[in-house]
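Since the structure comes first, as structure tokens, the remarks are kept for the end.
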Amino acid sequence: MYDFKNLYEPTSVEEALKLKKEHPEALILAGGSDILIQIREGKLAGCDLLNIYGLDALRGICMEEDGSLLIRPLASFTDITMHPLIKKHIPVLGEAVEQIGGPQVRNIGTIGGNICNGVTSADSAGTLKAYDAVLEIASIDGTRILPYADFNLKPGKVDLRPGEILTGIRIPKASWENTYGDFIKYAMRKAMDIATLSCSVNVRLSSDKKKIERLRIAFGVAAPTPIRAFTAEKSAEGHALNEGLLKKISEGVLADVMPRTSWRASKEFRLHLVEELARRATIASIEKAGGKING
């Protein structure tokens with residue numbers, strides 16, 4: 277039994293934005309893989325719903341003229357994993373969302389819903405942050421562009437203002453070109469589980485494959501919101517591919533994270549995972565880019 281008060285079903289993005297302004301308290305219903313469960317559990321009983329799932333204009337993946345990859349918010353996890361552009365340019369994003377739930381959840385769940393929930397365990401969040409994603413957020417008054425790095429305000433709270441709807445996620449060409457990544461999710465079981473900790477890394481090597489030109493590291497469940505490891509990234513710039521690089525990364529990531537103890541894992545265990553997953557994902561990314569760590 278789903279206990280909600282009103283259900284609004286727009287037939288266009290423009291109508292959806294108009295309804296969102298008129299009913300700012302209405303919750304956006306996309307795939308429903310999260311929100312319907314919360315309604316059934318009674319956590320959101322009596323809420324109003326704005327169903328955007330039928331809006332094909334908010335669905336799809338394409339490359340824009342400037343080389344940016346545009347992912348619309350209603351793209352399902354399965355869409356992302358299977359799409360040729362994702363497979364060719366950002367396969368690590370497909371690898372990340374492929375670990376969400378089971379096939380049924382991945383078929384219905386959307387990437388927009390995944391990041392708009394604002395939870396630190398969102399499996400797409402780390403990779404999007406590591407690729408400097410930029411968000412397109414629309415209202416009846418216009419559209420604003422926001423770096424995804426600034427989207428998470430606190431646990432479960434994102435920078436969506438009254439009347440606004442997420443309408444696009446962009447990965448700039450400068451972020452994905454000549455870049456190779458790896459995603460590792462550590463959970464208590466291999467399928468259908470929330471991450472105890474996750475790590476997404478991508479790397480761009482120098483032309484001779486001997487140095488780091490650019491490194492990005494992001495974590496889920498290592499802080500109240502998904503975060504980037506800026507200290508570790510900066511320490512890696514221009515560094516030769518050797519054990520010293522991995523040591524700097526290990527030291528840097530520990531300076532950036534703020535894990536807590538929960539029933540899933542202790543703070544101490546998560547700190548161990550932070551070091552180990554960053555190390556493993558960095559090595560894998562370097563190897564995918566055609567490099568090799570020297571002793």
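Whatever position you read off the sequence shown (first residue = 1), add 276 for this note's numbering. Backbone N, C-alpha and C fix where the C-beta goes; we use that ideal spot for every residue, glycine too. This one's a predicted model, so the numbers in the text were calculated from it and none came from an experiment.
Assigned exposure category for residue i - 16 Cβ within 10 Å defines buried
{"i": "ILE225", "result": "Examination of residue 225 is not possible in this model, given that the chain is present from 277 through 571 alone."}
{"i": "ARG492", "result": "buried"}
{"i": "ILE311", "result": "buried"}
{"i": "ALA467", "result": "exposed"}
{"i": "CYS392", "result": "buried"}
{"i": "PRO535", "result": "buried"}
{"i": "GLU371", "result": "buried"}
{"i": "ARG555", "result": "buried"}
{"i": "LYS461", "result": "buried"}
{"i": "SER542", "result": "exposed"}
{"i": "ILE387", "result": "buried"}
{"i": "GLU509", "result": "buried"}
{"i": "ARG316", "result": "exposed"}
{"i": "GLY307", "result": "buried"}
{"i": "GLY571", "result": "exposed"}
{"i": "GLY496", "result": "buried"}
Residues near residue i in its chain [Cβ-Cβ closer than 8 Å; skip 5 each side]
{"i": "SER288", "result": "LEU331 and ALA333"}
{"i": "THR354", "result": "PRO379, ARG382 and ASN383"}
{"i": "LYS487", "result": "LEU481, GLY514, HIS515, ALA516 and LEU517"}
Expected contact under 8 Å - CB spacing of residue i and residue j to nearest Å
{"i": "HIS365", "j": "TRP452", "result": "5 Å"}
{"i": "LEU517", "j": "ILE562", "result": "6 Å"}
{"i": "ALA302", "j": "ILE441", "result": "The pair is not a contact, with the Cβ atoms about 11 Å apart (cut-off 8 Å)."}
{"i": "VAL373", "j": "SER397", "result": "That pair is no contact at about 13 Å."}
{"i": "ILE569", "j": "GLU519", "result": "7 Å"}
{"i": "ILE445", "j": "PRO300", "result": "Between PRO300 and ILE445 the Cβ distance is about 22 Å, and since that is not below 8 Å, they are no contact."}
{"i": "ASP324", "j": "LYS296", "result": "Their Cβ separation, rounded to whole angstroms, is 11 Å, which puts ASP324 and LYS296 out of contact at 8 Å."}
{"i": "LEU345", "j": "ILE447", "result": "4 Å"}
{"i": "LYS524", "j": "HIS515", "result": "7 Å"}
Among the options, nearest to residue i - alpha-carbon criterion
{"i": "ILE413", "options": "CYS475, PHE427 and ILE525", "result": "PHE427"}
{"i": "ALA450", "options": "GLY343, ALA292 and ASP279", "result": "GLY343"}
{"i": "PRO500", "options": "THR537, ILE470 and PRO431", "result": "PRO431"}
{"i": "ILE416", "options": "LYS294, ARG437 and GLU552", "result": "LYS294"}
{"i": "GLY439", "options": "ASP279, ILE304, TYR278 and GLU509", "result": "ILE304"}
{"i": "THR455", "options": "VAL395, ALA565, ILE559 and ALA560", "result": "ALA565"}
{"i": "VAL550", "options": "LEU522, SER526 and ASP435", "result": "SER526"}
{"i": "GLY394", "options": "LEU361, GLY514, MET339 and LYS433", "result": "LYS433"}
{"i": "THR419", "options": "GLU341, ARG437 and ILE356", "result": "ARG437"}
{"i": "LYS485", "options": "GLY567, ALA560, ILE559 and PHE545", "result": "GLY567"}
{"i": "MET358", "options": "GLY336, GLY377, GLU341 and GLU340", "result": "GLY336"}
{"i": "SER309", "options": "ASP408, LEU411 and GLY385", "result": "GLY385"}
{"i": "LEU587", "options": "CYS338, ILE376 and GLN375", "result": "Residue 587 lies beyond the stretch modelled for the chain, which goes from 277 to 571, so this question has no answer here."}
{"i": "SER482", "options": "GLU317, SER538, GLU513 and PHE545", "result": "GLU513"}
{"i": "GLU290", "options": "THR443, ASP408, VAL410 and VAL497", "result": "THR443"}
{"i": "ILE347", "options": "VAL410, ARG546, ILE376 and TYR329", "result": "VAL410"}
{"i": "TYR329", "options": "ALA351, GLY322, TYR407 and GLU341", "result": "ALA351"}
Chain-order list of residues whose beta-carbon lies under 7 Å from that of residue i (same chain, five-residue window excluded)
{"i": "LYS405", "result": "TYR424, ALA425, ALA494, PRO502 and ARG504"}
{"i": "VAL368", "result": "THR403, GLY457, ASP458, PHE459, SER476 and ASN478"}
{"i": "ARG540", "result": "MET464 and THR472"}
{"i": "LEU553", "result": "ILE460, TYR462, LEU473 and CYS475"}
{"i": "ASP435", "result": "LEU422, ASP426, PHE427 and LEU429"}
{"i": "LEU283", "result": "LEU325 and ASN327"}
Reduced DSSP secondary structure (H/G/I, E/B, other) of residue i
{"i": "GLU519", "result": "helix"}
{"i": "ALA306", "result": "coil"}
{"i": "LYS568", "result": "coil"}
{"i": "LYS485", "result": "coil"}
{"i": "THR403", "result": "helix"}
{"i": "ASN478", "result": "strand"}
{"i": "MET468", "result": "coil"}
{"i": "ALA414", "result": "strand"}
{"i": "LYS430", "result": "strand"}
{"i": "MET358", "result": "helix"}
{"i": "GLY514", "result": "coil"}
{"i": "ASN390", "result": "helix"}
{"i": "ASN327", "result": "strand"}
{"i": "SER352", "result": "strand"}
6 Å Cβ shell around residue i - same chain, five flanking residues per side excluded
{"i": "THR507", "result": "GLY528, ALA531 and ASP532"}
{"i": "ALA557", "result": "ASP458, ILE460, CYS475 and VAL477"}
{"i": "GLU285", "result": "ASN327"}
{"i": "LEU320", "result": "GLN314"}
{"i": "ASN390", "result": "ALA398 and SER400"}
{"i": "LEU560", "result": "At residue 560 the sequence reads Ala, which differs from the Leu that was named. These residues qualify, in order along the chain: ASP458."}
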